[in-house]
Amino acid sequence: MSNAASSSEKTPSFEMTWGSSTSSGYCSDEDSDSEFEQYFTARTSFFPKTRKDNVNVNVKKDEHVEWGKQELTTADIQQKVKEYNAQINSNLFMNMNKDGSYTGFVKVQFKLARPVSVPPPKKGSQEAGGRRASGVKRRTSFYLPKDASKHLHISSRTSAREVIEALLKKFTVVDNPGKFALFERSERHDQVYVRKLSDDERPLRLRLSAGPSEKVLSFVLKENETGEVNWHAFSMPELKNFLRILQREEEEHVKQIVQRYALARTKMKEALAGSTPG
1 MSNAASSSEK
11 TPSFEMTWGS
21 STSSGYCSDE
31 DSDSEFEQYF
41 TARTSFFPKT
51 RKDNVNVNVK
61 KDEHVEWGKQ
71 ELTTADIQQK
81 VKEYNAQINS
91 NLFMNMNKDG
101 SYTGFVKVQF
111 KLARPVSVPP
121 PKKGSQEAGG
131 RRASGVKRRT
141 SFYLPKDASK
151 HLHISSRTSA
161 REVIEALLKK
171 FTVVDNPGKF
181 ALFERSERHD
191 QVYVRKLSDD
201 ERPLRLRLSA
211 GPSEKVLSFV
221 LKENETGEVN
231 WHAFSMPELK
241 NFLRILQREE
251 EEHVKQIVQR
261 YALARTKMKE
271 ALAGSTPG
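Start counting the sequence shown at 1; every next residue gets the next number (the UniProt record's numbering).
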């Protein structure tokens, strides 16, 4: 485990530790093109379902407490690190370095609505060679569990963009890092505030300033939403899989509607048969 940050801000050192298990799901390989990708999903619908849970807290975006903005001297940082370490009940301590930087852990929760792509499992060399010869790149896509989280050991110089890249590398995710964004989440006065971090913000500095409480500050990895879905950002195999999922959903919805009307029709006929002329 690294205990010191790199002297260059562009190449900080960090380590990752696992905090949850991998995703489960089913494979829809029975009708997919073998030359493209397998698709694993733990969800039943391509479109997100409307949540009916009664939530008493309001979610607000772009509300920001100015953590990490204040300029701290080396003495201030040493004092804050000491106070931080005194508040935690685990071995996830922060450590000061001689150059004034410090290292520590940040926990990132995954709240992804869409699947991520990873390289396919390695099989026989002949099969892999055949794919390379055909010029087709295969991918395996799956949904990460919504309760998944990871601890990263990073430096105070590690940027939010580098945290995202480290998470994707840990999962061997081959999607463009630009598809994702890191958010800070905080709870204050029975309200939840969410803010998207800029690429050059330093998550560990925010963690130190806010303290170890997850309610005061936590980090969430989500899709980098900019409004409408940019379908051009997806690969051809991903788009083909989405179309297959849409077709299955459409067929299932049609089936449910037909069954519902058939049941209503049957009950009406039974009521008519059992009624007496009035």
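Ideal Cβ placement from N, Cα and C applies to all residues, glycine included. Just so you know, these numbers come straight off a predicted model, no measurement behind them.
Q. Under the rule that 16 or more other beta-carbon atoms within 10 Å means buried, what is S213, buried or exposed?
A. An exposed status is given to S213, since fewer than 16 other beta-carbon atoms sit within 10 Å of its beta-carbon.
**Q.** K82 versus V108 - alpha carbon distance
**A.** Using only the alpha carbons, I get a separation of about 23 angstroms.
Q.
Let's see if you can read the secondary structure: which residues bound the alpha helix (DSSP H) around residue 358?
A. With the chain represented from 1 up to 278, any question about residue 358 goes unanswered, as that position is not in the structure.
(Q) I need the straight-line Cα distance from S209 to Q87, nearest angstrom please. (A) Spanning the alpha carbons of S209 and Q87 requires a straight line of approximately 13 angstroms.
Q: Run the CB neighbour count on Y261, radius 10 Å, all protein chains shown included, and call it buried at 16 or more, exposed below.
A: Y261 comes out exposed.
Q: Along the alpha helix (DSSP H) that carries V163, what are the first and last residues, could you check?
A: A160 to K170 is the extent of the alpha helix (DSSP H) around V163.
Q. Would DSSP call Y84 helix, strand or coil?
A. Three-state result, Y84: helix.
Q | Counted within 10 angstroms of its Cβ, other Cβ atoms place T172 as buried (16 or more) or exposed | A | Label assigned to T172: exposed.
Q. Per DSSP, S149 is paired with what?
A. In the DSSP output, where bridge partners are listed per residue, S149 has Q109.
Q: Using a threshold of 7 angstroms, state whether the C-beta atoms of P119 and F142 are closer than that.
A: The beta carbons of P119 and F142 sit no closer together than 7 angstroms.
Q) Looking at C-alpha atoms only, which residue of K122, F219, V220 and F93 is the closest neighbour of T140? A) Nearest to T140 by alpha-carbon distance, out of K122, F219, V220 and F93, is K122.
Q | Limits of the unbroken beta strand (DSSP E) element including A181 | A | Counting along the chain, A181 sits inside the beta strand (DSSP E) bounded by residues F180 to R188.
Q) Between the C-alpha atoms of P79 and N95, what's the straight-line distance to the nearest angstrom? A) The sequence given here has Gln at residue 79, not Pro. Rounded to the nearest angstrom, the two C-alpha atoms are 12 angstroms apart.
Q) Would you say R202 and S156 are within 7 angstroms of each other, going by their C-beta atoms? A) Yes; because the gap between Cβ atoms is below 7 angstroms, this pair is in contact.
Q) What span of residues does the beta strand (DSSP E) with L221 cover, start to end? A) Where L221 is concerned, the enclosing beta strand (DSSP E) starts and stops at S218 to E223.
Q) Where R188 and V194 are concerned, what is the direct C-alpha to C-alpha distance, given to the nearest angstrom? A) Each residue's alpha carbon lies about 11 angstroms from the other.
(Q) Buried or exposed for G104, going by 16 or more other Cβ atoms inside 10 Å? (A) The Cβ neighbour count for G104, taken over all protein chains shown within 10 Å, is at least 16; the residue is labelled buried.
Q) Where does the unbroken alpha helix (DSSP H) through S209 begin, and where does it stop? A) Where S209 is concerned, the enclosing alpha helix (DSSP H) starts and stops at P203 to A210.
Q: In the DSSP assignment, find the beta strand (DSSP E) that holds S117 and state where it starts and stops.
A: Taken as a continuous stretch (DSSP letters only), the beta strand (DSSP E) holding S117 covers V116 to V118.
Q | Other residues of its chain near K111: CB distance less than 6 angstroms, five sequence neighbours each side excluded | A | Result list for K111: V220 and K222, in chain order.
Q. With a CB to CB cut of under 6 angstroms and the five nearest residues on each side skipped, what residues in its chain are close to residue 365?
A. For the chain, the structure presents residues 1 to 278; residue 365 sits outside this window and is missing.
Q: Report the rounded CA-to-CA distance for I257 versus I245, giving the unit in angstroms.
A: Straight-line Cα distance between these residues: approximately 18 angstroms.
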